[in-house]
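Position 135 of the sequence shown, counted from 1, bears residue number 135 in the UniProt record's numbering, the numbering being contiguous throughout.
As structure tokens, the structure follows; a few thoughts come after it.
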Amino acid sequence: MEVGLAVVATLDTKGPEARYLGDILEELGARAYLVDVGIAGDPPFRPDVGREEVAAEAGLDLNALSTLPRAEALAAMGRGAGRILLRLWTAGRIRGALALGGNQGSVAGGLALQHLPLGVPKVLLSTVASGNIRPFIGARDIWVLFTLADFLGGPNALSRQILRRGAEVLRCLVQGFGVLEPPADSGRTVALSALGNTTPLVEACREALQRKGLEAVVFHASGAGGTALEELVRAGWFGGVLDLTPHELVGEALGHDAYAPIQPGRLEGAVARAVPLVVSTGGLDYYVFGPPETVPVHLRTRPMVLHNPSNANVALSTEEFAEVAGLLCRRLNAARGPVALVVPLRGFSQYGAEGGPFYNPDGLRLFLETVREQLRPDIPLRLVDAPINHPAVAKAVLEEFERIRGEGMKDARR
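Encoded structure:
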């Protein structure tokens, strides 16, 4: 059976490279579908899906497209192409897709790839993949290859090898992989969220779950990880969630944070799915940024820790603790399934524990006051007089999880 594979590119600028990719895929036994997301001019050949069709899928004609700012036009073409890819995949006409481009093409092509379900093979060949690739891949499982050199003037001695490797990666992926499917025993699979600052807590809980015969899947609360957790919970992957490190709430409540979720709505997946959910406060006491020079000027006088050369952590102010607590309560108050909140009273991270650079007893008190005022009275609130990585916190989390798995919601305050 012939395998269909899509190639997405701005054909007005990357036409020869896209055609070369299509030829390689055909050589490898696939049927190539070339999709044009160009915004500036006509392609050098007729693709399988023209830019007129792509623009129309986004609700535009070419005249309207030409009046948009470049960023908006590229986003529109990415959305339109993504809808077309999803339709082709749903109809069984393609089993994977590859996008190539420079800065502009990576934006449009990457956005298009993000429309395909998790597990469907997706490859991005990008001339700018050595930088920040979050705008290109979002929270999707996209394979990314830095092309070393630019795509100008058609395939050359270097780019031909890179293009071939990208095509062969996609062809290999479709031979062995399909959509990610929830496990048959998803009720025994539990999602956890983590950062390096909460690893001892997460490890203690993970090991305890596994001793009980449950399987733990840990997500890095880096924005994309939290968004992936939410999507997989909604898709029925997990029978419970220990959201121990919902750090992305900082970015949602306060802005700035480099680990803001790809899609707003942390905690909403488990709430909507009504699976047993225990939440703690890991990472809710600091911002995450890139290198120190990326920290906003108005925050540079605050306590700062260089977690690694590319990752600066900055303490929240006392007032910001309350803002984050308010958002946390609003999310949990929407729950219709079993949920509990565990608050460690002596710090929400390794850095925020007593003696650490971010320790803020006033902020911790204000956080608790806000929770007491705003959390729904029937949602169990478990207070632990210890920092978050203390074994007593893990014990409380596991006890609450065991209780709500069996009992569901009930009025409780401990």
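Backbone N, C-alpha and C define an ideal beta-carbon position, used for all residues, glycine too.
Beta-carbon spacing of D61, R51 below 8 angstroms: Within the sequence shown, residue 61 is the residue found at index 61, counting from 1. Within the sequence shown, residue 51 is the residue found at index 51, counting from 1. In this structure, R51 does not lie closer than 8 angstroms to D61 by Cβ.
Counted within 10 angstroms of its Cβ, other Cβ atoms place K122 as buried (16 or more) or exposed: Taking the first residue of the sequence shown as position 1, residue 122 is located at position 122. Buried.
Own chain, CB closer than 6 angstroms to G154, minus 5 neighbours either side, in chain order: As a working mapping, residue 154 is identified with position 154 in the sequence shown. Closer than 6 angstroms at Cβ, skipping near neighbours: P16.
Endpoints, beta strand (DSSP E) assigned at D61: In the sequence shown, residue 61 corresponds to position 61, counting from 1. It is not in any beta strand (DSSP E) - D61 carries neither H nor E in the DSSP assignment.
Best match in T67, A18, G29 for proximity to R46 [C-alpha to C-alpha]: As a position in the sequence shown, residue 46 is number 46, starting the count at 1. Closest by alpha carbon: A18.
Distance CB(Q263)-CB(T294) smaller than 8 angstroms: As a first step, residue 263 is located in the sequence shown; it is residue number 263 there, counting from the start. As a first step, residue 294 is located in the sequence shown; it is residue number 294 there, counting from the start. Against a cut-off of 8 angstroms, the Cβ pair of T294 and Q263 comes out as no contact.
Counted within 10 angstroms of its Cβ, other Cβ atoms place N313 as buried (16 or more) or exposed: Position 313 of the sequence shown, counting from 1, holds the residue named residue 313. The residue is buried, with at least 16 neighbouring Cβ atoms inside 10 Å.
Reduced DSSP category for D411 - H, G, I as helix; E, B as strand; rest coil: Here residue 411 is taken as the residue at index 411 of the sequence shown, counted from 1. Residue placement at D411 is poorly supported in this model, since its pLDDT is 36, which falls under 50; the coordinates still yield a value, given next. Residue state, collapsed to three classes: coil.
Runs of beta strand (DSSP E) lying entirely within the segment 221 to 296, each at least 3 residues, in chain order: 240 to 243, 277 to 279, 286 to 289
Assumed close pair I388, F348 - CB separation to whole angstroms, cut-off 8 angstroms: The sequence position of residue 388 within the sequence shown is 388, counting from 1. The sequence position of residue 348 within the sequence shown is 348, counting from 1. Correct: roughly 5 angstroms between the Cβ atoms.
Per-residue burial, S66 [other beta carbons within 10 Å of its own, 16 or more giving buried]: Position 66 of the sequence shown holds residue 66. Exposed, since its Cβ has fewer than 16 Cβ neighbours within 10 Å.
Inter-residue spacing [alpha-carbon to alpha-carbon] between T90 and G41: Within the sequence shown, residue 90 is the residue found at index 90, counting from 1. Within the sequence shown, residue 41 is the residue found at index 41, counting from 1. If you take the alpha carbons of T90 and G41, they lie about 30 angstroms apart.
Which of helix, strand or coil DSSP assigns to F151: Taking the first residue of the sequence shown as position 1, residue 151 is located at position 151. Reduced to three states, the DSSP call for F151 is coil.
Same chain only: Cβ atoms within 7 angstroms of residue 461, ignoring 5 sequence neighbours per side: The chain is shown from 1 up to 414; residue 461 falls before or after that span and cannot be answered.
Status (buried if at least 16 other CB within 10 Å, exposed otherwise) for E369: The residue you call residue 369 lines up with position 369 of the sequence shown. The residue in question, E369, is exposed, as its Cβ has fewer than 16 Cβ neighbours within 10 Å.
Contact under 8 angstroms by Cβ, V343 with L383: Position 343 of the sequence shown, counted from the start, is the residue given in the question as residue 343. Position 383 of the sequence shown, counted from the start, is the residue given in the question as residue 383. In this structure, L383 lies closer than 8 angstroms to V343 by Cβ.
Cα-Cα separation between A396 and A64, rounded to whole angstroms: Here residue 396 corresponds to residue number 396 of the sequence shown, with the count starting at 1. Here residue 64 corresponds to residue number 64 of the sequence shown, with the count starting at 1. In a straight line, the C-alpha of A396 is about 58 angstroms away from that of A64.
Distance, G337 Cα to M409 Cα: Residue mapping note: residue 409 aligns to position 409 of the sequence shown, counting from 1. Residue mapping note: residue 337 aligns to position 337 of the sequence shown, counting from 1. Because the pLDDT of M409 is 36, which lies under 50, any placement of that residue in the model is unreliable, and the number read from its coordinates should be weighed accordingly. Looking at the backbone, the Cα of M409 and that of G337 are separated by about 7 angstroms.
Nearest-angstrom Cα separation, counted from H298 out to A412: Here residue 412 refers to the residue found at position 412 of the sequence shown. Here residue 298 refers to the residue found at position 298 of the sequence shown. With a pLDDT of 36 at A412, under the threshold of 50, the predicted position of this residue should be treated as unreliable, though the coordinate-derived value follows. C-alpha separation (whole angstroms): 41 angstroms.
Complete beta strand (DSSP E) runs within the segment 329 to 413 (minimum length 3 residues, chain order): Entirely contained in the segment 329 to 413, the beta strand (DSSP E) runs reaching 3 residues are, in chain order, 339 to 344, 381 to 384.
G82 versus I39: straight-line alpha-carbon distance, rounded: Stepping through the sequence shown from its first residue, residue 82 is reached at position 82. Stepping through the sequence shown from its first residue, residue 39 is reached at position 39. The alpha-carbon atoms of G82 and I39 are separated by roughly 16 angstroms.
Check whether N197 and Y351 have beta carbons under 8 angstroms apart: Along the sequence shown, one-based indexing puts residue 197 at 197. Along the sequence shown, one-based indexing puts residue 351 at 351. Taking 8 angstroms as the cut-off, the Cβ atoms of N197 and Y351 count as close.
With 16 other Cβ atoms within 10 Å as the buried cut-off, status of K14: Mapped onto the sequence shown, residue 14 falls at position 14. K14 is buried by the Cβ-count criterion.
Endpoints, the alpha helix (DSSP H) within which D23 is located: Reading the sequence shown from its first residue, position 23 is the one you call residue 23. First-last of the alpha helix (DSSP H) with D23: 11 to 27.
Own chain, CB closer than 6 angstroms to V271, minus 5 neighbours either side, in chain order: For the purposes of this step, residue 271 is taken as residue 271 along the sequence shown, with counting starting at 1. Closer than 6 angstroms at the Cβ level, and outside the excluded window around V271, lie A334, A335.
Contact the segment 242 to 259 vs the segment 280 to 292: 3+ CB pairs below 8 angstroms: Contact between the segment 242 to 259 and the segment 280 to 292 is established, with three or more Cβ pairs separated by less than 8 angstroms.
Burial state of A32 (16 or more Cβ within 10 Å): Taking the sequence shown and counting its residues from 1, the one referred to as residue 32 is at position 32. Note on A32: 16 or more other CB atoms within 10 angstroms of its CB, so buried under the neighbour-count rule.
Per-residue DSSP class, three states only, for E181: Indexing the sequence shown from 1 puts residue 181 at position 181. Here E181 sits in coil by DSSP.
Endpoints, the beta strand (DSSP E) within which G35 is located: Here residue 35 refers to the residue found at position 35 of the sequence shown. According to the sequence displayed, residue 35 carries Val and not Gly. V35 -> beta strand (DSSP E) spans 30 to 36.
Backbone CA spacing between I84 and R273 [nearest angstrom]: Position 84 of the sequence shown, counted from the start, is the residue given in the question as residue 84. Position 273 of the sequence shown, counted from the start, is the residue given in the question as residue 273. Looking at the backbone, the Cα of I84 and that of R273 are separated by about 29 angstroms.
Sub-8 angstroms separation of V218 and L277 beta-carbons: Numbered from 1 along the sequence shown, position 218 holds the residue referred to as residue 218. Numbered from 1 along the sequence shown, position 277 holds the residue referred to as residue 277. No, the Cβ-Cβ distance between V218 and L277 is not below 8 angstroms.
Three-state secondary structure assigned by DSSP to A99: Numbered from its first residue, the sequence shown carries residue 99 at position 99. Strand, per DSSP.
Span of the alpha helix (DSSP H) around V190: Counting from 1 along the sequence shown, the entry for residue 190 is found at position 190. Unbroken run through V190 is the beta strand (DSSP E), 189 to 194; no alpha helix (DSSP H).
Of the listed residues P200, L249, L170, nearest to residue 447 (C-alpha basis): Because residue 447 is not part of the residues shown, which for the chain are 1 to 414, the question remains open.
Counterpart residues of N132 in DSSP-defined beta bridges: Position 132 of the sequence shown, counted from the first residue, corresponds to residue 132. Beta-bridge partners assigned by DSSP to N132: none are found.
Exposure of E319, with buried meaning 16 or more beta-carbon neighbours within 10 Å: What you label residue 319 is simply residue 319 of the sequence shown in a count that begins at 1. So E319 ends up on the exposed side.
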